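A.B. asks: In our numbering, the protein residues as written are 22 to 114. Mind looking over this structure? Questions follow.
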């Protein structure tokens with residue numbers, strides 16, 4: 022895909038202990054994104070998502086409404102280097 026990019030996305034809010042990583046994995050698969058999601062020690066969640074930018078934005082927007090328990094107060098997104106031959110979307114521990 023020529024429009025494939027990789028983004029680092031940092032989520033802040035009520036994003037741990039509420040099924041956030043699982044929901045992100047499900048939505049990312051729906052939009053055919055690859056990447057990872059990981060809880061951070063400070064309560065934030067970081068993710069690397071690879072695919073079209075529009076699919077990454079749709080994933081973030083859907084995460085905002087997918088569960089009453091998840092609350093994204095803020096997020097930061099920046100483009101990073103592509104990872105060649107990445108398969109699937111995984112939780113990193």
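By construction, the Cβ of each residue, glycine as well, lies at the ideal position given by its N, Cα and C atoms. On a predicted model such as this, the values are computed, not experimentally measured, just so you know.
(1) Look at the alpha carbon of residue 95 and the alpha carbon of residue 106, and state the distance between them as a whole number of angstroms.
(2) Is the distance from the Cβ of residue 55 to the Cβ of residue 109 below 8 Å?
(3) State the beta-bridge partners of residue 101 as determined by DSSP.
(4) Ignore the nearest five residues each way along the sequence and tell me which others in residue 46's own chain have a CB closer than 8 Å to its CB.
(5) From residue 84 to residue 63, what does the alpha carbon distance come to, in whole angstroms?
(6) Out of curiosity, what's the CA-to-CA distance linking residue 79 and residue 35?
(7) Compute the Euclidean distance between the alpha carbons of residue 22 and residue 30, then round it to the nearest angstrom.
(8) Take residue 43 as the anchor and find which of 68, 100, 75 and 99 has the nearest alpha-carbon.
(9) How many Å lie between residue 102 and residue 70 at the Cα?
(10) With a Cβ-Cβ cutoff of 8 Å, do residue 32 and residue 66 count as a contact?
C.D. replies: Based on what the coordinates show:
(1) Along the chain shown, one-based indexing puts residue 95 at 74. Along the chain shown, one-based indexing puts residue 106 at 85. So the two alpha carbons sit approximately 30 Å from each other.
(2) Your numbering for residue 55 matches position 34 in the chain shown. Your numbering for residue 109 matches position 88 in the chain shown. A contact, by the Cβ cut-off of 8 Å.
(3) Locating residue 101 in the chain shown gives position 80, where the first residue counts as 1. DSSP output for residue 101 lists 27 as bridge partner(s).
(4) Residue mapping note: residue 46 aligns to position 25 of the chain shown, counting from 1. Closer than 8 Å at the Cβ level, and outside the excluded window around residue 46, lie 58, 110, 111 and 112.
(5) What you label residue 84 is simply residue 63 of the chain shown in a count that begins at 1. What you label residue 63 is simply residue 42 of the chain shown in a count that begins at 1. Approximately 20 Å between the Cα atoms of the pair.
(6) Within the chain shown, numbered from 1, the residue matching residue 79 stands at position 58. Within the chain shown, numbered from 1, the residue matching residue 35 stands at position 14. Residue 79 and residue 35: Cα-Cα distance of roughly 19 Å.
(7) For the purposes of this step, residue 22 is identified with residue 1 of the chain shown, where counting begins at 1. For the purposes of this step, residue 30 is identified with residue 9 of the chain shown, where counting begins at 1. Caution is warranted here: a pLDDT of 47 is assigned to residue 22, below 50, making its placement in the model unreliable, and the coordinate value is therefore given only provisionally. Distance between the alpha carbons of residue 22 and residue 30 is about 21 Å.
(8) Counted from its first residue, the chain shown places residue 43 at position 22. The candidate whose alpha carbon is nearest that of residue 43 is 68.
(9) The sequence position of residue 102 within the chain shown is 81, counting from 1. The sequence position of residue 70 within the chain shown is 49, counting from 1. Cα to Cα, residue 102 sits roughly 11 Å from residue 70.
(10) Your numbering for residue 32 matches position 11 in the chain shown. Your numbering for residue 66 matches position 45 in the chain shown. Contact: yes.
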